[in-house]
Ligand code: PEP
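Numbering (the working numbering), first residue to last: 273 to 540.
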């Protein structure tokens, strides 16, 4: 499978996306071992096993170059490698930060932005996410923007309102270029989260798809993924929700076997 052009509304757009962010886990050696397991599974299953599915992996910045090298073995160039954040400036006096050109130099093709952990703990705002989306696209990488409401916001009936505000900021910055959205309800993420039921996901994803359409986009240009405590057992139910174009997964995919199982389900 060819790697689709990240920033374009290309005709070769995949029909589903399955990706994982490793957050602040894995050494370089552990990341390379994961990548080698994925390559081995792909070779075992043969050409076309995950046809139409775009896999991606978002390691910690320290492991991007090694994981990218391990995945760019012959026959595996279809796995996109990403970064977990980027600064909006190309260079400068920003101690501790990494720019999009630096991440691209390390091998990143995609940049995750606006994860709820960054919004909560690192004061990430919609304005900053928008600046970062523009920077990512300026350098030809693919932005993946996470949106999601807290439990309190859901209880107050504000899920759609919150998520659309976050998504609009990102999509306005992206214009007619490709930008992937991941609906990740904050109450569903991580060890204290619970996997959302398909009926909880459906209205929010429908609202996101509606926004994409209103802005002249499409599922090709702005696929909507679901993330938050996805399990192999629960993945099919979420993938069947209309408007869900794939999965963005943490813990279940940190073992390569879990990621492979999710790719298998998405390819069915
Ligand atoms: C996440 O943090 O974005 C996530 C989806 O994690 P998990 O699958 O572990 O809930």
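Glycine residues also receive a C-beta, built at the ideal position from the N, C-alpha and C atoms.
Predicted, not measured: the structure shown is a model, and the values here were computed from it.
| Asked | Found |
| --- | --- |
| Cα-Cα separation, residue 274 to residue 427 | Summary for residue 274: the model assigns pLDDT 41, below 50, so the residue's position carries little reliability, and this model does not support an answer. |
| Within 8 Å, strictly: CB atoms of residue 421 and residue 408 | no |
| Close beta carbons around residue 458, own chain, < 6 Å, minus the five adjacent residues each side | 388, 420, 422 |
| In chain order, each beta strand (DSSP E) run of at least 3 residues that lies wholly inside the segment 411-483 | 414-419, 452-455 |
| Assigned secondary structure, residue 288 (DSSP; H/G/I helix, E/B strand, else coil) | strand |
| C-beta contact flag for residue 288 and residue 538 at 8 Å | yes |
| The segment 361-372 in contact with the segment 307-316 per 3-pair CB rule at 8 Å | no |
| 4-residue-minimum alpha helix (DSSP H) runs that sit fully inside the segment 351-423, ordered along the chain | 372-378, 388-393, 398-410 |
| Residue 471 versus 509, 480, 405, residue with shortest Cα-Cα distance | 509 |
| Under 8 Å between C-beta atoms of residue 528 and residue 519 | no |
| Of the residues 286, 297, 361, the one placed nearest residue 351, counting alpha carbons only | 286 |
| Close beta carbons around residue 413, own chain, < 8 Å, minus the five adjacent residues each side | 278, 279, 372, 375, 376, 380, 381, 382, 383 |
| Buried or exposed (CB count within 10 angstroms, at least 16 for buried), residue 322 | buried |
| Within 7 Å of ligand 1: residues by beta-carbon to any heavy atom | 293, 295, 387, 389, 418, 456, 460, 461, 462, 465, 499, 500, 501, 502, 520, 521, 522, 523, 524 |
| Residue 385 versus residue 319: straight-line alpha-carbon distance, rounded | 32 Å |
| Cβ pair residue 328, residue 354 closer than 8 Å | yes |
| Straight-line gap, residue 499 to residue 364 (C-alpha atoms, nearest Å) | 33 Å |
| Residue 521 vs residue 299 beta-carbon contact at 8 Å | no |
| Residue 477 vs residue 515 beta-carbon contact at 8 Å | yes |
| 8 Å Cβ cutoff met for residue 446 and residue 405 | yes |
| Host beta strand (DSSP E) of residue 225 (start-end) | Absent from the model: residue 225. The displayed extent of the chain is 273 to 540, so no value can be given. |
| Neighbourhood of residue 482 by C-beta distance below 7 Å, restricted to the same chain and skipping five residues each side | none |
| Rounded straight-line distance, which links the Cα of residue 305 to that of residue 281 | Unreliable placement is indicated for residue 281, whose pLDDT of 47 sits below 50; the coordinate value is still reported in the next sentence. Residue 281 and residue 305: Cα-Cα distance of roughly 33 Å. |
| Which listed residue (433, 540, 531) has its alpha carbon closest to that of residue 504 | 531 |
| Residue range of the unbroken alpha helix (DSSP H) whose run includes residue 534 | 528-539 |
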